[in-house]
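Just add 295 to the spot in the sequence shown (first one is 1) and you have this note's numbering. Note that CB positions come from ideal geometry on N, CA and C, so glycine has one too. A quick note: this is a predicted structure, and the numbers were derived from the prediction, not measured. A quick write-up on the structure given underneath.
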Amino acid sequence: MAKKARKQQSGATPAIVALEKAGTAFSVRAYEHDPAAPSYGEEAAEALGVDPSRVFKTLVAEVDGVLTVAVVPVSGSLDLKALAAAVGGKRAAMADPAAAERTTGYVRGGISPLGQRKRLPTALDASAGTFATICVSAGRRGLEVELSPDDLAALTGAVLAPIARP
296 MAKKARKQQS GATPAIVALE KAGTAFSVRA YEHDPAAPSY GEEAAEALGV DPSRVFKTLV
356 AEVDGVLTVA VVPVSGSLDL KALAAAVGGK RAAMADPAAA ERTTGYVRGG ISPLGQRKRL
416 PTALDASAGT FATICVSAGR RGLEVELSPD DLAALTGAVL APIARP
């Protein structure tokens, strides 16, 4: 119990705790979040001075009735048909935001592909493989983690597939 309290006091999110537990190399990138920002991902890229194609957003969709995580560059959008095909499904639609928050344990705009309450099938856009490191949400608005796409795929069990469109 004391260990859990220490982790909460340190401000570490479940995503950061998962990375530390796995012994994965990563860096935390924080910025001042503006609640009025129209796009959380684009805000993160601009605030951190990182190319938007290297900052990835975490979206939760429903593929054939199963909640599924899609990690795509903030510079693009999710191709639902491609996501369904990538995970062996037929039909995909965006998940209900409340269901996404309840299942992942994160709030919209701060959903991380790491440290979720329940491990969901995950697909990472193939463009991630062109970078040495990418940024994804650390589990809170205004907080990102930078890590290798290979480590992200390994930790989440993600399939790499072309699931984004420009």
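As an exercise, report each continuous alpha helix (DSSP H) stretch of at least 4 residues that is fully enclosed by the segment 392-449, in chain order.
List check, alpha helix (DSSP H) in window: 392-399.
Enumerate, from N- to C-terminal direction, the unbroken alpha helix (DSSP H) stretches of 4 or more residues contained entirely within the segment 321-376.
Counting only runs of 4 or more, we get 335-343.
When the Cα atoms are used, what is the spatial distance from A381 to S372?
Straight-line Cα distance between these residues: approximately 15 Å.
Relative to the C-alpha of G383, which candidate in D446, A418, A393 and G405 has its C-alpha closest?
A418
Tell me whether K413 is buried or exposed, calling it buried when 16 or more other Cβ atoms sit within 10 Å of its Cβ.
exposed
If V366 sits next to A453, beta carbons under 8 Å apart, how far is it from one beta carbon to the other, in whole angstroms?
7 Å
Have a look at G424 and E327 and give me their C-alpha separation to the nearest angstrom.
Distance between the alpha carbons of G424 and E327: 28 Å.
Would you kindly work out how many angstroms separate the C-alpha atoms of S370 and D445, rounded to a whole number?
Looking at the two C-alpha atoms, the distance is approximately 20 Å.
Return the CA-CA distance between S432 and A387, expressed in angstroms with no decimal places.
23 Å
Since C430 and A339 should fall inside the 8 Å C-beta cutoff, what is the C-beta to C-beta distance between them, to a whole number of angstroms?
The Cβ separation is near 7 Å, so the contact holds.
Measure the beta-carbon distance from T319 to G434 and round it to whole angstroms, keeping in mind my assumption that it falls under 8 Å.
Contact between T319 and G434 does not hold, since their C-beta atoms are separated by about 15 Å, which reaches or exceeds 8 Å.
Measuring straight from C-alpha to C-alpha, what distance separates T428 and K352?
14 Å
May I ask you to list the residues that DSSP assigns as paired with R386?
Partner(s): none; R386 has no beta bridge.
For a quick check, are the C-beta atoms of T399 and V364 less than 9 Å apart?
yes
Measure from the alpha carbon of L442 to the alpha carbon of each residue in V323, I406 and A377, then state which is nearest.
V323
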